[in-house]
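Peer 1: Sharing a structure, written as structure tokens. Questions coming.
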Amino acid sequence: MRLYTLSKRHFVLVFVVFFICFGLTVFVGIRGPKVIQTSAANFSLNNSKKLKPIQIRSNPLSTYNQQLWLTCVVELEQSKETSIQTSFPMTVKVNGVAQDGTMMYIHNKIHNRTRTLTCAGKCAEIIVAHLGYLNYTQYTVTVGFEHLTLPIKELNFTWKTYDPAFSQLEIWFRFVFVVLTFVVTCLFAHSLRKFSMRDWGIEQKWMSVLLPLLLLYNDPFFPLSFLVNSWFPGMLDDLFQSVFLCALLLFWLCVYHGIRVQGERKCLTFYLPKFFIVGLLWLASVTLGIWQTVNELHDPMYQYRVDTGNFQGMKIFFMVVAAVYILYLLFLIVRACSELRNMPYVDLRLKFLTALTFVVLVISIVILYLRFGAQVLQDNFVAELSAHYQNYILFIGDQGMEFLSFYGLLNFYLYTLAFVYSPSKNALYESQLKDNPAFSMLNDSDDDVIYGSDYEEMPLQNGQAIRAKYKEESDSD
1 MRLYTLSKRH FVLVFVVFFI CFGLTVFVGI RGPKVIQTSA ANFSLNNSKK
51 LKPIQIRSNP LSTYNQQLWL TCVVELEQSK ETSIQTSFPM TVKVNGVAQD
101 GTMMYIHNKI HNRTRTLTCA GKCAEIIVAH LGYLNYTQYT VTVGFEHLTL
151 PIKELNFTWK TYDPAFSQLE IWFRFVFVVL TFVVTCLFAH SLRKFSMRDW
201 GIEQKWMSVL LPLLLLYNDP FFPLSFLVNS WFPGMLDDLF QSVFLCALLL
251 FWLCVYHGIR VQGERKCLTF YLPKFFIVGL LWLASVTLGI WQTVNELHDP
301 MYQYRVDTGN FQGMKIFFMV VAAVYILYLL FLIVRACSEL RNMPYVDLRL
351 KFLTALTFVV LVISIVILYL RFGAQVLQDN FVAELSAHYQ NYILFIGDQG
401 MEFLSFYGLL NFYLYTLAFV YSPSKNALYE SQLKDNPAFS MLNDSDDDVI
451 YGSDYEEMPL QNGQAIRAKY KEESDSD
């Protein structure tokens, strides 16, 4: 691996380049357009006790708007100190407006759902309807509030869609990473072509899996969502992202465990428990995502938080499995570091992977904090399962820094690992001695194994020391 030939200066340079590349994505997100564009329509009700159905027409839309939300904020005729929480039935009917101005029924029926109005000084926003993809250039929504007898001062309806400028930026952003990932994948595969798979380290085997999955994570089919009026491109994007993120979780488990048990990776005892834990996380996210999409196709008012009776049970299940994963990963990390910290080369692999992964996790936590600290609109539970901002999280009037930075973070993380784990110029020698800790003490005497040797304490100087010793021993033989 190239990892063995890097000096301290090279390691510092690797991290500096990583932070510079990541900083560029953050800069693009800050300087880029806002994610959301909104248009509001206010209605004065003149203290009406019974609300009549209200018809609201959206602005002209294009495929670059991607999705459409309609939200409502109720203003009551009361003092701000009063707290109210009441449930009421709300009806919604969605019509599409064709180019010739004719009305087309999206759903040939009136949808009825129970919503909860919560007011504590100011009433919380209510999600009226959500359309996951746009078939028409304009929509009209007829909203009816039945049996809501509270004295209402005003209703503030707001349309929310993706900003077309952000959609265009996202297309180019994804395209650049698709091209970069393809090039990195080809270069990494080309560097390993001379070696048999039995000579690959476990990190190299996993990189050969993660890089193609990263290509799918960047979604080369993403432009189809702007060319085809269908839910399928969005579903495909969600599937690719969930597969990659779960594969990354599985990679961490397998590497921290596999680096310690060379040659003992049996399918039943090594891989099965890891696939089971990560598989449960993947199954929960994909199932809920598919269920959300299918229900929204028939009912634009459908929401997990409000309309799924087992939502809390599924949330608790996911949190329990996630906690088990975290504890298992910490156990593997602690045990690997305690057992292999004095092993030549293996401890270097552990230190580098742990350091880079720790940096990535810290940045991810900061991004998640920014996400939850900002005012966000979450239309289903899958929004909580990953940092996927495209379909499941809607930033209200904010810039796309969180989305672009997290996207770039994962890509540059994999690029850095691919560079470090690619074979070096002396990879033939390293594949026989360095990658396997069983060979790390092959030429040591019994005294060296028990008490250590002066040679083991020599600093690595681009791999020159070990090769010089190996050459001297060969000449003496």
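The letter at position 386 of the sequence shown is residue 386 when you use the UniProt record's numbering, and the numbering goes up by one with no holes. Note that CB positions come from ideal geometry on N, CA and C, so glycine has one too. Predicted model, so just to flag it, every value in this text is computed and none were measured.
In terms of alpha-carbon separation, which member of G132, L350, L117 lies closest to residue 506?
Peer 2: One cannot answer for residue 506 here, as it falls past the ends of the chain, which runs 1 to 477.
Peer 1: With burial defined as no fewer than 16 other Cβ atoms inside 10 Å of the residue's Cβ, what is the status of Q241: buried or exposed?
Peer 2: For the purposes of this step, residue 241 is identified with residue 241 of the sequence shown, where counting begins at 1. Under this definition Q241 is a buried residue.
Peer 1: Could you tell me if E146 is buried or exposed, where buried requires 16 or more neighbouring beta carbons within 10 angstroms of its beta carbon?
Peer 2: Here residue 146 refers to the residue found at position 146 when the sequence shown is read from its first residue. With fewer than 16 Cβ atoms within 10 Å of its Cβ, E146 is classed as exposed.
Peer 1: Considering only the alpha carbon of each residue, which of S364, I20, F419, L404 lies closest to V35?
Peer 2: Translated into positions along the sequence shown, residue 35 becomes position 35. If we check each option's Cα against that of V35, L404 comes out closest.
Peer 1: Rounded to the nearest angstrom, what separates H257 and A40 at their Cα positions?
Peer 2: As a first step, residue 257 must be located in the sequence shown, where it is residue number 257. As a first step, residue 40 must be located in the sequence shown, where it is residue number 40. About 54 Å.
Peer 1: Can you tell me whether K75 is helix, strand or coil according to DSSP?
Peer 2: Within the sequence shown, the letter at position 75 stands for residue 75. One point to set straight first is that residue 75 is Glu, not Lys, in the sequence displayed. Looking at E75 - three-state DSSP - the assignment turns out to be strand.
Peer 1: In this structure, does DSSP put R325 in helix, strand or coil?
Peer 2: Your numbering for residue 325 matches position 325 in the sequence shown. The sequence given here has Tyr at residue 325, not Arg. Note: Y325 maps to helix in three-state DSSP.
Peer 1: Are there three or more Cβ pairs, one per stretch, closer than 8 Å when the region 165–182 is compared with the region 147–156?
Peer 2: At 8 Å Cβ cutoff, the stretches do not touch.
Peer 1: Excluding the 5 residues preceding and the 5 following L280 in the sequence, name in chain order all residues of the same chain whose CB lies nearer than 7 Å to its CB.
Peer 2: In the sequence shown, counting from the first residue as 1, residue 280 sits at position 280. V321.
Peer 1: Go to W252, then tell me how far its beta strand (DSSP E) extends in each direction, as first and last residue.
Peer 2: The sequence position of residue 252 within the sequence shown is 252, counting from 1. Counting along the chain, W252 falls outside any beta strand (DSSP E), though it belongs to the alpha helix (DSSP H) covering 232–258.
Peer 1: List the DSSP bridge partners of P273.
Peer 2: Sequence index remark: in the sequence shown, residue 273 carries index 273 (1-based). According to DSSP, which records beta bridges pairwise, P273 is partnered with nothing at all.
Peer 1: On a Cα-Cα basis, can you pick out the residue from I290, D219, Q262, L253 that is closest to F276?
Peer 2: Against the sequence shown, residue 276 aligns to sequence position 276. Closest by alpha carbon: L253.
Peer 1: On the DSSP bridge assignment, give the partners of A40 in chain order.
Peer 2: The sequence position of residue 40 within the sequence shown is 40, counting from 1. Beta-bridge pairing links A40 to T158.
Peer 1: Across which residues does DSSP place F88 in a beta bridge pair?
Peer 2: Start at 1 with the first residue of the sequence shown, and residue 88 comes out as number 88. F88 is bridged to R115.
Peer 1: Could you have a look at Y345 and say whether DSSP puts it in helix, strand or coil?
Peer 2: The residue given as residue 345 occupies position 345 in the sequence shown. Looking at Y345 - three-state DSSP - the assignment turns out to be coil, as it is neither helix nor strand.
Peer 1: Specify the secondary structure class of S208 as computed by DSSP and reduced to three states.
Peer 2: Translated into the one-based positions of the sequence shown, residue 208 becomes position 208. Of the three classes helix, strand and coil, the one that applies to S208 here is helix, per DSSP.
Peer 1: What is the DSSP secondary structure of R31, reduced to helix, strand or coil?
Peer 2: Residue 31 sits at position 31 when you count from the first residue of the sequence shown. Reduced to three states, the DSSP call for R31 is helix.
Peer 1: Decide if the region 225–239 is in contact with the region 130–142; the criterion is three or more beta carbon pairs, one per stretch, under 8 Å apart.
Peer 2: yes
Peer 1: Keeping to the same chain, check which residues put their C-beta closer than 6 Å to that of T158; ignore five residues upstream and five downstream.
Peer 2: As a first step, residue 158 is located in the sequence shown; it is residue number 158 there, counting from the start. Excluding residues within five positions, the ones whose Cβ falls inside 6 Å are T38, A40, T71.
Peer 1: Tell me whether the region 18–25 and the region 182–201 touch, counting them as touching only if at least three CB pairs, one residue from each stretch, are closer than 8 Å.
Peer 2: A contact is defined here as three or more CB-CB pairs under 8 Å, and the region 18–25 fails this definition with respect to the region 182–201.
Peer 1: With 16 other CB atoms within 10 Å as the buried threshold, where does P89 fall?
Peer 2: Against the sequence shown, residue 89 aligns to sequence position 89. By the neighbour-count rule (16 or more Cβ atoms within 10 Å), P89 is not buried but exposed.
Peer 1: So for F221, helix, strand or coil by DSSP?
Peer 2: Counting from 1 along the sequence shown, the entry for residue 221 is found at position 221. Coil at F221, not helix or strand.
Peer 1: If you draw a straight line from the alpha carbon of L239 to that of T86, how long is it in whole angstroms?
Peer 2: Locating residue 239 in the sequence shown gives position 239, where the first residue counts as 1. Locating residue 86 in the sequence shown gives position 86, where the first residue counts as 1. Cα-Cα distance, rounded: 37 Å.
Peer 1: Is the closest heavy atom of the ligand HEM to the C-beta of I290 under 8 Å?
Peer 2: Absence of the ligand HEM is noted for the structure shown, with no ligands found whatsoever.
Peer 1: What does DSSP give as the partner residues of W69 in its beta bridges?
Peer 2: Numbered from its first residue, the sequence shown carries residue 69 at position 69. Its beta-bridge partners are H130, K160.
Peer 1: Which of the three DSSP states, helix, strand or coil, is assigned to residue 525?
Peer 2: Because the chain here runs from 1 to 477, residue 525 falls outside it and cannot be looked at.
Peer 1: Compare the C-beta of E77 with all C-beta atoms of chain D and state if any pair is closer than 9 Å.
Peer 2: Among the chains of the structure shown, chain D does not appear; only one protein chain is present.
Peer 1: Return the CA-CA distance between L6 and V420, expressed in angstroms with no decimal places.
Peer 2: Position 6 of the sequence shown, counted from the first residue, corresponds to residue 6. Position 420 of the sequence shown, counted from the first residue, corresponds to residue 420. C-alpha separation (whole angstroms): 9 Å.
Peer 1: Taking Cβ positions, are F18 and V359 nearer each other than 9 Å?
Peer 2: Within the sequence shown, the letter at position 18 stands for residue 18. Within the sequence shown, the letter at position 359 stands for residue 359. It is a contact, given that the beta carbons lie within the stated cut-off.
Peer 1: Can you tell me whether Q292 is helix, strand or coil according to DSSP?
Peer 2: What you label residue 292 is simply residue 292 of the sequence shown in a count that begins at 1. The answer is helix: DSSP assigns Q292 an H, G or I state.
Peer 1: Per DSSP, which one or two residues make a beta bridge with K145?
Peer 2: For the purposes of this step, residue 145 is identified with residue 145 of the sequence shown, where counting begins at 1. The sequence given here has Phe at residue 145, not Lys. M90.
Peer 1: Would you grab the beta carbon distance between T140 and R193 for me? Rounded to a whole angstrom, and I think it's under 8 Å.
Peer 2: Residue 140 sits at position 140 when you count from the first residue of the sequence shown. Residue 193 sits at position 193 when you count from the first residue of the sequence shown. In fact, because the Cβ distance is near 59 Å, the residues do not count as touching under 8 Å.
Peer 1: Output the distance between the C-alpha atoms of L297 and F232, rounded to the nearest integer angstrom.
Peer 2: One-based indexing of the sequence shown puts residue 297 at position 297. One-based indexing of the sequence shown puts residue 232 at position 232. Using only the alpha carbons, I get a separation of about 11 Å.
Peer 1: How close, in whole Å, do the beta carbons of L340 and D347 come, if the pair is a contact with beta carbons under 8 Å?
Peer 2: Position 340 of the sequence shown, counted from the start, is the residue given in the question as residue 340. Position 347 of the sequence shown, counted from the start, is the residue given in the question as residue 347. About 6 Å; that satisfies the 8 Å criterion.
Peer 1: Provide the residue(s) that pair with C267 in DSSP beta bridges, ordered along the chain.
Peer 2: Start at 1 with the first residue of the sequence shown, and residue 267 comes out as number 267. Beta-bridge pairing links C267 to no other residue.
Peer 1: For L13, count the other beta carbons within 10 Å of its own beta carbon; 16 or more makes it buried, fewer makes it exposed. Which is it?
Peer 2: The residue labelled residue 13 in the question sits at position 13 within the sequence shown. Exposed: under 16 other Cβ atoms inside 10 Å.
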